[in-house]
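What follows is one structure encoded as structure tokens, with my remarks underneath.
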Amino acid sequence: MASLEFRGVSKVYESSVWAVRDLNLTVADGEFMVFVGPSGCGKTTALRMLAGFEAVTAGEILIDGQPVTNVLPRNRDIAMVFQNYALYPNMNVYDNIGYGLKVRGVPKGERDARIRKVAATLALTDELKRKPSQLSGGQRQRVAMGRAIVRQPRAFLMDEPLSNLDARLRVRMRTEIAGLQRDLGVTTVYVTHDQVEAMTMADRVAVLRGGFLQQIDSPDRIYAEPVNLFVATFIGSPAMNLLRAELIPGDGGAASCRIGSASIPIPDRLLDQHPALARSIGGAIAVGIRPDAVGVKPGDHAGLAGRVNAVERLGSSEILHIDGDAAPVLHEAVTDGLTDDLLAPVGGEPADAGAPRTTIVAEVDGDAGHHRGDEVSLRIEPAKMHFFDLDTGDTLRTPASTGGSDLAEPARTVAARAL
């Protein structure tokens, strides 16, 4: 197995387009690292530089502490699993799995034993004589995995390997891949645009945007402590609600957070825990709230006023889209790639028709029985609120700890530059 390291790695194409900028990241021996981000964020380019398929413009790539920036791909002892499987259509499963061993001159007896062992591990024993065209998408993906595993490489690199599968098969395959990686203990870097894959498979997640590393941490910490507005809205489904708010000073040093028509007292202990938040009293900030943390009550209760515009019934839960009495956050980290139509509040008033409004998403119990047109009030607990600087997009919350996030501070710095 091996550790993998990017040291100040950048990639610039001839058109002066920066694909990756000053990437500093270490993947520990045996770790399952997932690169996630929107299309064009640099995740696949980073993976291809690690594999040796893309030249590095600046910086250095190391495997087990040894520089490999100028080493040919075949000499890096890394196996790659591609999005399109890249199987040989004229070869059966047996020959596809063993092709790399044959090219490397592995003796026939050893080659046969290794192929059959891998086929058994991946439930492909009965398919060894079949051609790729005779296999399902999941079986073809297993063959591609088998071809990588049989080489016994120092690391696996996977470029969106599940994107061509249907939703149900993706769920099963991501469980199988994660379990297989744990059993083998092979260092793995996995690229995806699907944040659900990232959150369910990874030991650590690296979130990228515009070529910059935004945050790297465990899935739980990424979700609970996003370092900026981009990470906050990209990670989580449904996405975090972001509302413009004002921190109003109160008597005796206390403060309240004014969101639309609602005023939410901020406990002193919260201000003591988060000094950056305390320094923002008297100014405007962005408040983030996860949909499952939005309390929804009948309209005659105190709270942020709203009206239900749509209900998505998912059985065990309901997703409510609520026209709320609050202003949206129009920061570039949130609005990148969105058109004016997508930025407009769903069912809200026109921009020039009085107080600003936005759509707030709430996730509630499936038996809540809400309907389109219901007048409701929204309750938000301060302890479940996330606070962000409106100018930089950075979090105003102090991390609970730094354990498990060796790049916590550099990630914040890079995030600020990217925004």
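The sequence shown maps to residues 49 to 467 in the numbering used here.
We treat Cβ as the ideally placed atom computed from N, Cα and C, and that holds for glycine.
Fair warning: this is a prediction, and the values are worked out from it, not measured in the lab.
- prompt: Among the residues of its own chain, which have a CB less than 8 Å from the CB of H419, if the five just before and after it don't count?
  reply: To locate residue 419, count along the sequence shown from 1; it is residue 371. Around H419: V356 and V359.
query: A67 and G90: beta carbons closer than 7 Å?
result: One-based indexing of the sequence shown puts residue 67 at position 19. One-based indexing of the sequence shown puts residue 90 at position 42. Cβ distance < 7 Å, so A67 and G90 count as in contact.
- prompt: What's the call for N132, buried or exposed, on a 16-neighbour Cβ count within 10 Å?
  reply: Residue 132 sits at position 84 when you count from the first residue of the sequence shown. Under this definition N132 is an exposed residue.
field: Helix, strand or coil at Q182 [DSSP, three-state]
entry: Locating residue 182 in the sequence shown gives position 134, where the first residue counts as 1. Helix at Q182.
- request: From the DSSP output, in three-state form, read off I329 for me.
  value: By 1-based counting over the sequence shown, the position of residue 329 is 281. Here I329 sits in coil by DSSP.
query: Near L135, what residues of its chain come up, given a Cβ to Cβ distance below 7 Å and the 5 sequence neighbours on each side ignored?
result: Taking the sequence shown and counting its residues from 1, the one referred to as residue 135 is at position 87. Listed in chain order, the non-local C-beta contacts of L135 below 7 Å within the same chain comprise N144, P180, R188, V191 and A192, local neighbours out to five positions each way being set aside.
- request: Could you tell me the distance, in whole angstroms, from the CA atom of S328 to the CA atom of R405?
  value: As a working mapping, residue 328 is identified with position 280 in the sequence shown. As a working mapping, residue 405 is identified with position 357 in the sequence shown. Looking at the two C-alpha atoms, the distance is approximately 23 Å.
message: From the DSSP secondary-structure annotation, give me the bridge partner or partners of F436.
response: As a first step, residue 436 must be located in the sequence shown, where it is residue number 388. DSSP output for F436 lists A334 and T443 as bridge partner(s).
field: Inter-residue spacing [alpha-carbon to alpha-carbon] between G227 and I312
entry: Here residue 227 is taken as the residue at index 179 of the sequence shown, counted from 1. Here residue 312 is taken as the residue at index 264 of the sequence shown, counted from 1. Using only the alpha carbons, I get a separation of about 45 Å.
message: Classify A171: buried if its beta carbon has 16 or more other beta carbons within 10 angstroms, exposed otherwise.
response: By 1-based counting over the sequence shown, the position of residue 171 is 123. A171 comes out exposed.
task: Could you pull the start and end residues of the beta strand (DSSP E) that M128 belongs to?
output: In the sequence shown, counting from the first residue as 1, residue 128 sits at position 80. M128 -> beta strand (DSSP E) spans I126 to V129.
query: Thinking C-alpha only, which one of T443, H434, D340 and T92 is nearest F260?
result: Start at 1 with the first residue of the sequence shown, and residue 260 comes out as number 212. It is T92 whose Cα lies nearest to the Cα of F260.
message: Which of the three DSSP states is assigned to Q114 in this structure?
response: Taking the first residue of the sequence shown as 1, we reach residue 114 at position 66. In this structure, Q114 counts as strand in the three-state DSSP scheme.
query: Can you list, in chain order, the stretches of the alpha helix (DSSP H) that have 4 or more residues and sit fully within the stretch 186-266?
result: Taking only runs of at least 4 residues, the alpha helix (DSSP H) segments lying wholly in the stretch 186-266 are 215-232 and 243-249.
message: If you measure between the beta carbons of I314 and A374, is that distance less than 7 Å?
response: By 1-based counting over the sequence shown, the position of residue 314 is 266. By 1-based counting over the sequence shown, the position of residue 374 is 326. Cβ atoms of I314 and A374: not closer than 7 Å.
- prompt: Does the Cβ-Cβ distance between G351 and S425 come in under 7 Å?
  reply: Within the sequence shown, the letter at position 303 stands for residue 351. Within the sequence shown, the letter at position 377 stands for residue 425. The beta carbons of G351 and S425 sit closer together than 7 Å.
Straight-line gap, R152 to R199 (C-alpha atoms, nearest Å): Sequence index remark: in the sequence shown, residue 152 carries index 104 (1-based). Sequence index remark: in the sequence shown, residue 199 carries index 151 (1-based). Taking the straight line from one Cα to the other gives about 10 Å.
query: How should A381 be labelled, buried or exposed, when 16 other C-beta atoms within 10 angstroms of its C-beta is the threshold for buried?
result: Reading the sequence shown from its first residue, position 333 is the one you call residue 381. For A381, the number of other beta carbons within 10 angstroms of its own is at least 16, and it is reported as buried.
message: Counting C-beta neighbours from all protein chains within 10 Å, is the total for Q182 16 or more, i.e. buried, or is it exposed?
response: As a position in the sequence shown, residue 182 is number 134, starting the count at 1. Per the 10 Å Cβ criterion, exposed.
query: I145 lies in the alpha helix (DSSP H); which residues open and close that run?
result: Position 97 of the sequence shown, counted from the start, is the residue given in the question as residue 145. Unbroken alpha helix (DSSP H) run through I145: V141 to V151.
field: Where the alpha helix (DSSP H) containing V166 begins and where it ends
entry: Reading the sequence shown from its first residue, position 118 is the one you call residue 166. K156 to T169 is the span of the alpha helix (DSSP H), which, as asked, contains V166.
query: Can you tell me whether E208 is buried or exposed, with buried defined as 16 or more other CB within 10 angstroms of its CB?
result: Taking the first residue of the sequence shown as position 1, residue 208 is located at position 160. It counts as buried.
- request: May I ask you to list the residues that DSSP assigns as paired with L352?
  value: Locating residue 352 in the sequence shown gives position 304, where the first residue counts as 1. Note: L352 sits in a beta bridge opposite L426.
field: Nearest-angstrom beta carbon gap, N140 and G176 [assumed within contact, 8 Å]
entry: Taking the sequence shown and counting its residues from 1, one reaches residue 176 at position 128. Taking the sequence shown and counting its residues from 1, one reaches residue 140 at position 92. This sequence places Leu at residue 176; Gly is not what is there. Distance from L176 to N140 at the Cβ level is roughly 7 Å; contact confirmed, criterion being Cβ atoms closer than 8 Å.
- request: Starting from the C-beta of E493, find all residues in its chain whose C-beta is less than 7 Å away, skip the five residues before and the five after it, and write them out in chain order.
  value: Because the chain in this structure spans residues 49 to 467, residue 493 falls outside the shown range and cannot be described.
query: According to DSSP, is I408 helix, strand or coil?
result: Taking the sequence shown and counting its residues from 1, one reaches residue 408 at position 360. Looking at I408 - three-state DSSP - the assignment turns out to be strand.
query: Any contact of the stretch 281-289 with the stretch 317-327, i.e. 3+ C-beta pairs under 8 Å?
result: no
Option in R361, G347 and L362 with minimal Cα separation from D371: The residue you call residue 371 lines up with position 323 of the sequence shown. Closest by alpha carbon: G347.
message: Using only the alpha-carbon positions, how far apart do L95 and T173 sit?
response: Within the sequence shown, numbered from 1, the residue matching residue 95 stands at position 47. Within the sequence shown, numbered from 1, the residue matching residue 173 stands at position 125. Taking the straight line from one Cα to the other gives about 31 Å.
- request: Classify A399 as helix, strand or coil using the three-state DSSP reduction.
  value: Within the sequence shown, residue 399 is the residue found at index 351, counting from 1. Any answer about A399 is weak, because its pLDDT of 40 lies below 50 and its placement is not dependable; what the coordinates show is given next. Of the three classes helix, strand and coil, the one that applies to A399 here is coil, per DSSP.
message: Only counting the same chain, and skipping five residues up and downstream in sequence, which positions put a Cβ closer than 8 Å to that of G233?
response: In the sequence shown, residue 233 corresponds to position 185, counting from 1. Excluding residues within five positions, the ones whose Cβ falls inside 8 Å are M49 and G78.
field: Strand pairing of H418, partner residues [DSSP]
entry: Against the sequence shown, residue 418 aligns to sequence position 370. Note: H418 sits in no beta bridge, so no partner.
- prompt: Whose C-beta lies closer than 6 Å to the C-beta of P274 among residues of the same chain, with five residues either side of it excluded?
  reply: For the purposes of this step, residue 274 is taken as the residue at position 226 of the sequence shown. Only A280 meet the Cβ criterion.
field: Residue environment, K432, which counts as buried when at least 16 other CB atoms sit within 10 Å
entry: Counted from its first residue, the sequence shown places residue 432 at position 384. When all chains shown are included, K432 counts as exposed.
message: Starting from T74, trace the beta strand (DSSP E) in both directions and tell me its first and last residue.
response: Within the sequence shown, residue 74 is the residue found at index 26, counting from 1. From DSSP, the beta strand (DSSP E) with T74 extends over W66 to V75.
- prompt: Is the beta carbon of I367 less than 7 Å from the beta carbon of F435?
  reply: Position 319 of the sequence shown, counted from the first residue, corresponds to residue 367. Position 387 of the sequence shown, counted from the first residue, corresponds to residue 435. Cβ atoms of I367 and F435: not closer than 7 Å.
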